[in-house]
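Below you'll find the structure, written out as structure tokens, and then a few comments.
Number of protein chains: 2
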Amino acid sequence: MSDTVARPIGVAVLGMGNVGAEVVRILTDSDGDIRERVGAPVVLRGVAVRDASVPREGVDPALLTSDPSALVAREDVDIVVELIGGVELPRTLILAALEAGKSVITANKALMAVHAGELSEAAARNRVDLYFEAAVAGAIPVIRPLTQSLAGDSVNRVAGIVNGTTNYILSEMAETGAVYSEVLAEAGRLGYAEADPTADVEGYDAAAKAAILASIAFHSRVTADDVYREGITSITPADLEAAAKFDCTIKLLAICERLTEDDGRERISARVYPALIPLEHPLATVNGAFNAVVVESENAGRLMFYGQGAGGAPTAAAVMGDLVMAARNRVYGGRGPLESTYASLPVAPIDDVQTRYYVSMRVADRPGVLEQVAGEFASQGVSIAAVRQEGAGEDARLIVVTHRASDRAQSETVAALEEMDSVIKVSSVLRLEGTNE
Amino acid sequence: MSDTVARPIGVAVLGMGNVGAEVVRILTDSDGDIRERVGAPVVLRGVAVRDASVPREGVDPALLTSDPSALVAREDVDIVVELIGGVELPRTLILAALEAGKSVITANKALMAVHAGELSEAAARNRVDLYFEAAVAGAIPVIRPLTQSLAGDSVNRVAGIVNGTTNYILSEMAETGAVYSEVLAEAGRLGYAEADPTADVEGYDAAAKAAILASIAFHSRVTADDVYREGITSITPADLEAAAKFDCTIKLLAICERLTEDDGRERISARVYPALIPLEHPLATVNGAFNAVVVESENAGRLMFYGQGAGGAPTAAAVMGDLVMAARNRVYGGRGPLESTYASLPVAPIDDVQTRYYVSMRVADRPGVLEQVAGEFASQGVSIAAVRQEGAGEDARLIVVTHRASDRAQSETVAALEEMDSVIKVSSVLRLEGTNE
Chain A
1 MSDTVARPIG
11 VAVLGMGNVG
21 AEVVRILTDS
31 DGDIRERVGA
41 PVVLRGVAVR
51 DASVPREGVD
61 PALLTSDPSA
71 LVAREDVDIV
81 VELIGGVELP
91 RTLILAALEA
101 GKSVITANKA
111 LMAVHAGELS
121 EAAARNRVDL
131 YFEAAVAGAI
141 PVIRPLTQSL
151 AGDSVNRVAG
161 IVNGTTNYIL
171 SEMAETGAVY
181 SEVLAEAGRL
191 GYAEADPTAD
201 VEGYDAAAKA
211 AILASIAFHS
221 RVTADDVYRE
231 GITSITPADL
241 EAAAKFDCTI
251 KLLAICERLT
261 EDDGRERISA
271 RVYPALIPLE
281 HPLATVNGAF
291 NAVVVESENA
301 GRLMFYGQGA
311 GGAPTAAAVM
321 GDLVMAARNR
331 VYGGRGPLES
341 TYASLPVAPI
351 DDVQTRYYVS
361 MRVADRPGVL
371 EQVAGEFASQ
381 GVSIAAVRQE
391 GAGEDARLIV
401 VTHRASDRAQ
411 SETVAALEEM
421 DSVIKVSSVL
431 RLEGTNE
Chain B
1 MSDTVARPIG
11 VAVLGMGNVG
21 AEVVRILTDS
31 DGDIRERVGA
41 PVVLRGVAVR
51 DASVPREGVD
61 PALLTSDPSA
71 LVAREDVDIV
81 VELIGGVELP
91 RTLILAALEA
101 GKSVITANKA
111 LMAVHAGELS
121 EAAARNRVDL
131 YFEAAVAGAI
141 PVIRPLTQSL
151 AGDSVNRVAG
161 IVNGTTNYIL
171 SEMAETGAVY
181 SEVLAEAGRL
191 GYAEADPTAD
201 VEGYDAAAKA
211 AILASIAFHS
221 RVTADDVYRE
231 GITSITPADL
241 EAAAKFDCTI
251 KLLAICERLT
261 EDDGRERISA
271 RVYPALIPLE
281 HPLATVNGAF
291 NAVVVESENA
301 GRLMFYGQGA
311 GGAPTAAAVM
321 GDLVMAARNR
331 VYGGRGPLES
341 TYASLPVAPI
351 DDVQTRYYVS
361 MRVADRPGVL
371 EQVAGEFASQ
381 GVSIAAVRQE
391 GAGEDARLIV
401 VTHRASDRAQ
411 SETVAALEEM
421 DSVIKVSSVL
431 RLEGTNE
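Going down the list, the protein sequences come from chains A and B.
Going by the UniProt record's numbering, 267 is the number at position 267 of the first sequence; the sequence numbering is gapless.
Going by the UniProt record's numbering, 426 is the number at position 426 of the second sequence; the sequence numbering is gapless.
Put into structure tokens, the structure is as follows:
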């Protein structure tokens, strides 16, 4: 396929953090493999960094520049790899690249979760590629399977563990019994958590990925703001212990679901929250910094994709896959799929989603309390699946797991419980996912 | 993206078995989704069946034909979906389609494992697509992740459970303790095994898939004949019990591995055999008719893909993904990757592969036997990892698990054991995979 001599494909890399450094290393070290796979030489034209005067190991200083706009604009740059992070600067640079007829690869989930529409339209208008496999679940192929392998199928649900930091924290808490703040500090020391962990632990990172996954899976435009979101900061060792008693563990899940009303009308639910899942669920055994995504579709059934969701080399592998395909398209013609929003399904509020609840509460230690609590659930039309009574006196606790009902009914029940005399405190409310009840 | 009116893409389906019937159903029922995703209407032009006079539920009789060649040759057919099975007839039809400038989708692993080279060359010459995602692991995206998502990475190993029939049989044997022949008969009754199960139980089906995976993973041409192959017909309940005592289970594995010599020379190993794997290995929990493929690559690390490996609808989902992408390429231009053989790595014989052995033997019940057996392993340079002595008298048994050594040394040791006076019978020899020792 590479029997004709094609002109070289020039690449600009913007940003040289963990991922950028790996991409530069792979491009520099490749001894012909990439040329063979693309059908033309792939040449690194430059690397935009904050301070180009600082030497970088293994990188020709002449390649470094602190002017990303000028690098993007170079005539001999065909493909721009954006690994800067943030939103406004990369948005501007990527739009400039696309409008100049260059293909773009990005790993920027925050950007794609907000501006996918604008960027995809620019790519379509200029007939170039915009790829972002690395934006969701690092090395794990998820975007390409959803957009291409399942292009002839109808996806009903995507549920995944897509944030390694929170998965590490929850795995460690489950294993060691340590409290959240301790494990977070340890994660920081090990490099699994950022100095400011907000984006991870409050679920913003996972919500951005959920928006991207929901957009692709359901051929609709879903942005980060459309995603219902709760973080993991209030999860306690007691929650994990209680989960274990119900043969469950707790994971931060990103869930994208097609909701079908009785009249056939379809909506999307996109949500991120820590949830109990049964120990036998395929996502329950995904521990540490690993990611996994389960896709359920009409004909393919249930598929699972598992691997490293973060880290320099794994994320760079996803970037490189996109880069080779984009380069190949510049040699052979053609383009990969861009944003597809023809279905235009609306996003349903969390209130309308059918969920199951796990509610843990401190209660007065006197006869009749269980009856009163059960009555409150019943009055809201929420059916109870299991109850545990624990402790006594000051420490008397009631744990209730419900059957499926609207999240509105579930949350209204919890609000009502908080008003009850016999309920001292609702100490924990989590959802239960991954069951068929 | 579908704002211009593109001419319809005509599709011919050859064969209407389980998969063909599902593809026809999906194409017939699609209410616009496929048109939106392709950017043009996709129209079923005809279905080639053995006897076109037999009516098929839900299929317009006018679409049926018993002349596949004439259907392939039709001017209004742009894409041919080959689901006939066999080798010679589909080969001829596919070549005719490619030479006539039509893109081809096939689920035919036996064909691709032998004729991928010839067919890919025809596709390249005629600048059309030849896709075969459904040929390996049914609904699970494996070909596209390997050829595209990992296009910028270097794959070191692919190991998978890629045959549902044998996985069902081994799972059932492990769970129920039943003998092979009983479970095979049951699998036949349930539709999990063919009337003639040879291709499955003797590992030919898995070997064809291993050839395809090895070719793609290592950018070399590997055919079914290059794959070392053993089936599962001699696995006994005693083997599964013994495996359990070593915290292992037994799975039929397809393994494709990059072997690197001390001098940097690289070769490929492609092999299929039943092997012990540790219970904590990700493939150990893949039960029943499910398939899973683990890919280990330089930068991405370990990825796992899991799902339904067979069945009409799941396999049709893979075919439809290919079909939508091929149709899209006809609208927008461009082609997917074809065979890539630039690395041209040679295939190493099984003798040269480093393996671990599990050897179960009936031995004389007298002092010194363990010493003699251990001495035989030592003299061949094979180090023993674990030994179990079981039973007594007539039933005295010795089970040995070795460390890694060349398969030649391992098999020569077994041959030597068979000659020893104190070894009455070597009753079982299996390999052990999925460990780092």
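Positions of the beta carbon are idealized from the N, C-alpha and C atoms, including for glycine.
Quantities reported herein were computed from a predicted structural model and do not represent experimental measurements.
Cβ-Cβ separation, A122/A to L98/A (assumed contact under 8 Å), whole Å: Along the first sequence, read from residue 1 onward, the residue named residue 98/A stands at position 98. Along the first sequence, read from residue 1 onward, the residue named residue 122/A stands at position 122. At roughly 4 Å, the Cβ-Cβ gap stays under 8 Å, so L98/A and A122/A are in contact.
What residues match up with E390/A in a beta bridge as DSSP calls it? Within the first sequence, numbered from 1, the residue matching residue 390/A stands at position 390. In the DSSP assignment, E390/A forms a beta bridge with R397/A.
CB of R404/A within 8 Å of CB of S360/A, strictly: By one-based count along the first sequence, residue 404/A stands at place 404. By one-based count along the first sequence, residue 360/A stands at place 360. Between R404/A and S360/A, the C-beta gap is not smaller than 8 Å, which leaves the two residues out of contact.
If we count the other Cβ atoms within 10 Å of its Cβ and call it buried at 16 or more, is V423/B buried or exposed? Within the second sequence, numbered from 1, the residue matching residue 423/B stands at position 423. Residue environment: V423/B is assigned as buried (16 or more neighbouring CB atoms within 10 Å of its CB, all protein chains considered).
DSSP has Q148/B in a bridge; who is on the other side? Translated into positions along the second sequence, residue 148/B becomes position 148. In the DSSP secondary-structure assignment, Q148/B is not bridged to any residue.
Are the stretch 212 to 220 of chain B and the stretch 339 to 354 of chain B touching by the rule of at least three beta carbon pairs closer than 8 Å? In short, these stretches touch, since the Cβ pair count reaches three.
Residues of chain B with a CB under 9 Å from the CB of R144/A: which are they? Residue 144/A sits at position 144 when you count from the first residue of the first sequence. The contacting residues are P141, R144, P145, Q148 and S149.
Bridge-paired residues (DSSP) for Y358/B: Locating residue 358/B in the second sequence gives position 358, where the first residue counts as 1. Within the DSSP bridge table, the entry for Y358/B names V401/B and L430/B as partners.
Beta-carbon within less than 7 Å of H281/B's beta-carbon, same chain only, minus the 5 sequence neighbours each way: which residues are those? Here residue 281/B refers to the residue found at position 281 when the second sequence is read from its first residue. Once the five neighbours on either side are set aside, the close Cβ partners of H281/B are G434.
Helix, strand or coil at M325/B according to DSSP, with G and I counted as helix: As a position in the second sequence, residue 325/B is number 325, starting the count at 1. Residue state, collapsed to three classes: helix.
Quick one: give me the first and last residue of the alpha helix (DSSP H) that S120/B is part of. Walking along the second sequence from the start, residue 120/B turns up at place 120. Per DSSP, the continuous alpha helix (DSSP H) segment holding S120/B begins and ends at K109 to R125.
Please list, in chain order, the residues of the stretch 165 to 184 of chain A that have any C-beta partner in chain B closer than 8 Å. Result list empty, no residue passes.
Whole-number beta carbon distance between K102/B and N167/B, since they are thought to touch under 8 Å: Taking the first residue of the second sequence as position 1, residue 167/B is located at position 167. Taking the first residue of the second sequence as position 1, residue 102/B is located at position 102. The distance from the Cβ of N167/B to that of K102/B is about 35 Å, inconsistent with a contact at the 8 Å cut-off.
If you reduce the DSSP assignment to three classes, tell me which class R366/A lands in. Taking the first residue of the first sequence as position 1, residue 366/A is located at position 366. In the structure shown, the three-state DSSP call for R366/A is coil.
By Cβ distance, which residues of its chain are closer than 6 Å to V158/B, with the 5 residues on each side in sequence left out? As a first step, residue 158/B must be located in the second sequence, where it is residue number 158. Excluding positions up to five away in sequence, the list reads L213, A217, C256 and V295.
Segments of 3+ residues assigned as beta strand (DSSP E) that fall wholly inside the stretch 285 to 331 of chain A: Runs of the beta strand (DSSP E) inside the stretch 285 to 331 of chain A: 290 to 297 and 301 to 308.
Taking the alpha-carbon positions, what's the F377/B to A289/B distance? By one-based count along the second sequence, residue 377/B stands at place 377. By one-based count along the second sequence, residue 289/B stands at place 289. Between the alpha carbons of F377/B and A289/B lies a gap of roughly 37 Å.
For Y131/A, which residues does DSSP report across the bridge? In the first sequence, counting from the first residue as 1, residue 131/A sits at position 131. According to DSSP, Y131/A bridges with I105/A.
Along chain A, in chain order, which residues have C-beta atoms closer than 8 Å to that of F132/B? Looking up residue 132/B in the second sequence gives position 132. Residues of chain A passing the Cβ test: none, with the nearest at roughly 12 Å.
Residues that T65/B bridges to, as DSSP identifies them: Position 65 of the second sequence, counted from the first residue, corresponds to residue 65/B. The partner list for T65/B (beta bridge, DSSP) reads A48/B.
Between I26/B and chain A, is there a C-beta pair that is closer than 8 Å? Numbered from its first residue, the second sequence carries residue 26/B at position 26. A Cβ of chain A is located within less than 8 Å of the beta carbon of I26/B.
R366/A classed as buried or exposed, judged by whether at least 16 other C-beta atoms fall within 10 angstroms: Taking the first sequence and counting its residues from 1, one reaches residue 366/A at position 366. Residue environment for R366/A: exposed (fewer than 16 other C-beta atoms within 10 angstroms of its C-beta).
I'd like to know whether the C-beta of N329/A is nearer than 8 Å to at least one C-beta of chain B. As a first step, residue 329/A is located in the first sequence; it is residue number 329 there, counting from the start. N329/A counts as touching chain B.
For E261/B, collect the residues of the same chain with a Cβ closer than 8 Å to its Cβ; drop the 5 residues on either side in sequence, then sort them by chain order. Locating residue 261/B in the second sequence gives position 261, counting from the first residue. If we look at E261/B and ignore the five residues flanking it on each side, its Cβ neighbours are R267.
Determine whether the Cβ of S422/B lies closer than 8 Å to any Cβ atom of chain A. Within the second sequence, numbered from 1, the residue matching residue 422/B stands at position 422. Chain A, which has no Cβ nearer than 8 Å to the Cβ of S422/B, makes this no.
From what residue to what residue does the alpha helix (DSSP H) around V155/B run? Locating residue 155/B in the second sequence gives position 155, counting from the first residue. In the DSSP assignment, V155/B falls outside any alpha helix (DSSP H) and lies within the beta strand (DSSP E) extending over V155 to I161.
On the criterion of 16 or more Cβ atoms from any shown chain inside 10 Å, does A210/A qualify as buried, or is it exposed? Looking up residue 210/A in the first sequence gives position 210. Classification for A210/A: buried.
Between the Cα of E390/B and those of K245/B, I384/B and L283/B, spot the shortest distance and give me the residue it belongs to. Position 390 of the second sequence holds residue 390/B. Measuring from the Cα of E390/B, the nearest candidate turns out to be K245/B.
According to the neighbour-count rule (16 or more other Cβ atoms, all chains shown, within 10 Å of its Cβ), is A185/B buried or exposed? Here the question's residue 185/B lines up with position 185 in the second sequence. By the neighbour-count criterion, in which a residue is buried when 16 or more other Cβ atoms sit within 10 angstroms of its Cβ, A185/B is exposed.
Going by alpha carbons, who is nearest to P314/B out of E22/B, E394/B, L14/B and I9/B? In the second sequence, residue 314/B corresponds to position 314, counting from 1. Residue E22/B is the option with its Cα nearest to P314/B.
Does the beta carbon of R306/A come closer than 8 Å to any beta carbon on chain B? Your numbering for residue 306/A matches position 306 in the first sequence. It should be pointed out that residue 306/A corresponds to Tyr in this sequence rather than to Arg. Chain B, which has a Cβ nearer than 8 Å to the Cβ of Y306/A, makes this yes.
Determine the burial state of D3/B: buried for a count of at least 16 other Cβ atoms within 10 Å of its Cβ, exposed for fewer. For the purposes of this step, residue 3/B is taken as residue 3 along the second sequence, with counting starting at 1. Because D3/B sits at a pLDDT of 47, beneath the cut-off of 50, its placement in the model cannot be relied upon, and the following sentence gives the value as read from the coordinates. Exposed, by the Cβ-count rule.
Would N436/A be called buried (16 or more neighbouring beta carbons within 10 Å of its own) or exposed? Looking up residue 436/A in the first sequence gives position 436. By the Cβ-count criterion, N436/A is exposed, with fewer than 16 other Cβ atoms from all chains shown falling within 10 Å of its own Cβ.
So, with DSSP's three-state summary, where would you put Y192/B? For the purposes of this step, residue 192/B is taken as the residue at position 192 of the second sequence. Coil, per DSSP.
Just reading off the alpha helix (DSSP H) that Y168/A is part of, what are its end residues? Working through the first sequence from its first residue, we reach residue 168/A at position 168. It spans G164 to T176 - the alpha helix (DSSP H) in which Y168/A sits, taken as one unbroken run.
Could you tell me the distance, in whole angstroms, from the CA atom of A178/A to the CA atom of N287/A? Within the first sequence, numbered from 1, the residue matching residue 178/A stands at position 178. Within the first sequence, numbered from 1, the residue matching residue 287/A stands at position 287. In a straight line, the C-alpha of A178/A is about 16 Å away from that of N287/A.
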